[in-house]
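Asks:
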Amino acid sequence: MSYYNPFILKTAAKVSFLHISWLVALIGIPIVFFRDGLNFAEKSLLFVGLLLFFWLVYLVCCITFHRLSMRNEHNRFGYLAKDDLEKGKEVGTHLEGW
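Residue 1 is where the sequence shown starts when you use UniProt numbering, and the numbers rise one by one after that.
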């Protein structure tokens, strides 16, 4: 049985990107801005690369830990009772309270 369809994964990706982008921006912009020896294009590329890297790691962790939580029957039935949009939001924010 598949718990994730493309719509759920797309919604989870959007939600997780929004959750991780403010954190990376808060920490990454000052670090990249004050980095010596790089021009603006290199600083921007470094920031975007770090943002994408941390977002992908966060998304994979959210999906992995959500999948592990589906072992519990109560969690599984609660998840399957939701519509696709709510499922995507749940998957994308699974690590939010940790």
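Where a beta carbon is used, it is the ideal one built from N, C-alpha and C, also for glycine.
Note that the structure is predicted; figures quoted are calculated from it, not measured.
(1) If Val24 sits next to Phe65, beta carbons under 8 Å apart, how far is it from one beta carbon to the other, in whole angstroms?
(2) Shortest alpha-carbon distance to Gly49 belongs to which of Ser21, Glu96, Ala81, Pro6?
(3) Taking the C-alpha atoms as reference points, what is the distance between Ser2 and Val57?
(4) Count the C-beta pairs between the stretch 60-79 and the stretch 36-43 that are closer than 8 Å, then say yes if the count reaches three, no if not.
(5) Please say whether Cys62 and Gly92 have beta carbons closer to each other than 8 Å?
(6) Could you give the residue range of the alpha helix (DSSP H) that holds His19?
(7) Do Gly78 and Val15 count as a contact pair if the criterion is CB distance below 8 Å?
Replies: The relevant details are as follows:
(1) No, Val24 and Phe65 are not in contact; Cβ-Cβ is about 20 Å, not under 8 Å.
(2) Ser21
(3) One C-alpha to the other measures close to 22 Å.
(4) no
(5) yes
(6) 6-33
(7) Pairing Val15 with Gly78 gives a Cβ-Cβ distance that is not under 8 Å.
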